[in-house]
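Visitor: Dropping a structure here in structure tokens format, bear with me for questions.
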Amino acid sequence: MKNEVRTIFKELPIKRVIHTHHHEDHTGNSAWIERFYSLPQWIHPLGIDKCNHSTKLPFYRAMFWHNRPSFHPKALQEPTFDTEHHSFQIVHTPGHAEDHIVLIDEEKGVCFSGDLYLFHSPTSNFSFESVPELIRSINKVLTYSFEEVYCSHQGYLKHGRKLLVKKKDYLIRLQESVTKAHQEGKSAKEIRKNLLPKNKLFQYISFFENSPTHTVNSIIKEIS
């Protein structure tokens, strides 16, 4: 992606950069932008300290995305962000990352969702993610008026709002199932085995840093 992003900066008159969150697959070119273009960059205040320090990633993430050098974005302080063609609502949406935001232009009916959507039925999470937080964040976003979504990983989703609703409904059902099993006295290990039994390739690649166990634990943590 590095070459593609840098080509875009050379070809388009980009004036400002807003990051939806600090993760390396979103901010990996930010130090380069800061060094060669001196463009203003923004991120949620909770992401400032993370961006001001270089990453020290687990081996597999360093292999995929490389460690990100430090850079120095500004903190998003206002609830809106205006550009030449858009007036965006800045909506704080933790769950995937504590500093995660989405940008919504209600007049044009579009949402830039960062990693809020990704896909509609996730069965595995990182330890820093929270299913209950994701549900609350999706509910918050759905109070705004939009239909189209630009997802950082899936691209343009014409019916993105419906897909966010589908993901929310799936997560609520999963949360209810985990809660019921926990209240019946089942352990997190038993719940994971019964509800989310399959391991996928990425779980092995990540040495189970990404795991259904974290999905279950994030729900139990909320109700304990």
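Under the working numbering, the first residue of the sequence shown carries the number 6, and numbering increases by one thereafter. Beta carbons are placed, not taken as given, at the ideal position from N, Cα and C, and that holds for glycine.
1. With distances taken Cα to Cα, identify the nearest neighbour of E29 among F41, R73, T220.
2. Which ranges would you report for the beta strand (DSSP E) in the region 124-159 if only whole runs of at least 3 residues count?
3. Only counting the same chain, and skipping five residues up and downstream in sequence, which positions put a Cβ closer than 6 Å to that of V150?
4. For Y161, does the three-state DSSP call read helix, strand or coil?
5. Can you list, in chain order, the residues of its chain whose CB lies under 8 Å from that of S135, leaving out five sequence neighbours each side?
6. Tell me which same chain residues have a C-beta within less than 8 Å of the C-beta of A80, skipping the five on either side of it?
7. Contact defined as beta carbons within less than 8 Å: I believe Y155 pairs with F117. What is the distance between those atoms, to the nearest angstrom?
8. Provide the residue(s) that pair with A236 in DSSP beta bridges, ordered along the chain.
9. Excluding the five sequence neighbours on either side, which residues of its own chain have a C-beta within less than 7 Å of the C-beta of R197, listed in chain order?
10. How about the region 55-69 and the region 84-95: do they share at least three Cβ pairs that are nearer than 8 Å?
11. Have a look at N130 and S182 and give me their C-alpha separation to the nearest angstrom.
12. Contact check, I143 vs L169 under 8 Å by CB: the rounded distance?
13. Would you list the one or two residues that DSSP bridges to T85?
14. Any idea if R40 is buried or exposed, counting beta-carbon neighbours within 10 angstroms, 16 or more meaning buried?
15. From the DSSP output, read off the bridge partner residues of N215.
16. Report the partner residues of I109 according to the DSSP bridge assignment.
17. Terminal residues of the continuous alpha helix (DSSP H) containing I48?
18. Would you list the one or two residues that DSSP bridges to I23?
19. Cα separation between S43 and R66?
20. On the three-state DSSP scale, how would you describe K5?
Guide: In short:
1. For the purposes of this step, residue 29 is taken as the residue at position 24 of the sequence shown. Measuring from the Cα of E29, the nearest candidate turns out to be R73.
2. Those beta strand (DSSP E) runs which fall completely within the region 124-159 and span 3+ residues are 153-156.
3. Taking the first residue of the sequence shown as position 1, residue 150 is located at position 145. Correcting the residue identity first, residue 150 is Ser in this sequence and not Val. E111.
4. For this step, residue 161 is matched to residue 156 along the sequence shown. Strand, per DSSP.
5. On the sequence shown, position 130 is the one that residue 135 refers to. Spatial neighbours of S135 in its own chain (CB-CB distance under 8 Å, excluding positions within 5 residues in sequence) are listed in chain order as P99, G100, S223, K226, E227.
6. As a position in the sequence shown, residue 80 is number 75, starting the count at 1. The answer, listed in chain order, is W47, I48, H49, P50, I53.
7. Position 150 of the sequence shown, counted from the first residue, corresponds to residue 155. Position 112 of the sequence shown, counted from the first residue, corresponds to residue 117. 5 Å between Cβ atoms; contact.
8. Residue 236 is absent from the model: the chain starts at 6 and stops at 229.
9. As a working note, residue 197 is residue 192 in the sequence shown. Hits under 7 Å: P217, T218, V221.
10. Taking 8 Å as the limit for Cβ pairs, the verdict is that the region 84-95 does not touch the region 55-69.
11. Position 125 of the sequence shown, counted from the start, is the residue given in the question as residue 130. Position 177 of the sequence shown, counted from the start, is the residue given in the question as residue 182. If you take the alpha carbons of N130 and S182, they lie about 17 Å apart.
12. Along the sequence shown, read from residue 1 onward, the residue named residue 143 stands at position 138. Along the sequence shown, read from residue 1 onward, the residue named residue 169 stands at position 164. Contact between I143 and L169 is confirmed by a C-beta separation of about 6 Å, below the 8 Å threshold.
13. Here residue 85 refers to the residue found at position 80 when the sequence shown is read from its first residue. According to DSSP, T85 shares a beta bridge with Q94.
14. Walking along the sequence shown from the start, residue 40 turns up at place 35. With a 10 Å radius around the Cβ and a threshold of 16 neighbouring Cβ atoms, R40 comes out exposed.
15. Here residue 215 refers to the residue found at position 210 when the sequence shown is read from its first residue. DSSP, once it has assigned bridges, lists F131 as partnering N215.
16. Within the sequence shown, residue 109 is the residue found at index 104, counting from 1. I109 is bridged to Q94, C116.
17. Mapped onto the sequence shown, residue 48 falls at position 43. I48 -> not in any alpha helix (DSSP H); beta strand (DSSP E) instead, spanning 46-48.
18. Walking along the sequence shown from the start, residue 23 turns up at place 18. As a beta-bridge residue in DSSP terms, I23 pairs with W47.
19. Counting from 1 along the sequence shown, the entry for residue 43 is found at position 38. Counting from 1 along the sequence shown, the entry for residue 66 is found at position 61. Looking at the backbone, the Cα of S43 and that of R66 are separated by about 27 Å.
20. Here the chain has residues from 6 to 229 only, and residue 5 is not among them.
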